[in-house]
Amino acid sequence: MPLVLQPGEAFQFDWSEDFAILGGERIKLQVAHIKLSHSRASLPRAYPLQTHDLGWSWRPRATSCANMAA
1 MPLVLQPGEA FQFDWSEDFA ILGGERIKLQ VAHIKLSHSR ASLPRAYPLQ THDLGWSWRP
61 RATSCANMAA
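Quick note on numbering: the working numbering labels position 34 of the sequence shown as 34, and the sequence is numbered without any gaps.
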C-alpha cells in the first residue's frame with residue numbers, strides 16, 4: 001500500500017556539492033534540495049556555503065507553496 005501524505009505534512013531536505021563556471025572561474029556550490037512529499041515537487045537552490053541563511057529563499061517565486069506547512 002503506497003504511503004499517502006497530506007499537503008504540508010512532510011518534506012525531505014538534503015545538501016549536495018556541485019560546481020559552476022561563473023565569470024570564467026570554477027566555483028564550488030552547496031545545493032539545498034527540498035522535495036515536497038505530497039506533490040513530489042523538487043526545489044533545488046544553490047548557495048556559496050551551507051551556512052547561508054536559507055530562511056524562505058528556497059521558496060519558488062512563480063509557484064504556490066500551498067502544500068508546504070510553514
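For each residue, glycine too, the CB sits at the ideal point set by N, CA and C.
* According to DSSP, is HIS38 helix, strand or coil? -> By 1-based counting over the sequence shown, the position of residue 38 is 38. It is coil, neither helix nor strand.
* Residues near PHE13 in its chain [Cβ-Cβ closer than 6 Å; skip 5 each side] -> As a first step, residue 13 must be located in the sequence shown, where it is residue number 13. Only ILE34 meet the Cβ criterion.
* Give me the Cα-Cα distance between THR51 and GLU17, rounded to the nearest whole angstrom. => Looking up residue 51 in the sequence shown gives position 51. Looking up residue 17 in the sequence shown gives position 17. Going from the Cα of THR51 to the Cα of GLU17 covers about 13 Å.
* Asked: Roughly how far, in whole angstroms, is the beta-carbon of LEU36 from the beta-carbon of PHE19, given that I think they are within contact range, below 8 Å?
  -> Here residue 36 is taken as the residue at index 36 of the sequence shown, counted from 1. Here residue 19 is taken as the residue at index 19 of the sequence shown, counted from 1. Taking the Cβ atoms as the reference, LEU36 lies roughly 27 Å from PHE19, outside the contact range of under 8 Å.
* **Per DSSP, the bridge partner or partners of PRO74** => It is not possible to answer for residue 74, since the shown part of the chain is limited to 1 through 70.
* Give the DSSP bridge partners of ALA20, in chain order. => Translated into positions along the sequence shown, residue 20 becomes position 20. Within the DSSP secondary-structure output, ALA20 pairs in a beta bridge with ILE27.
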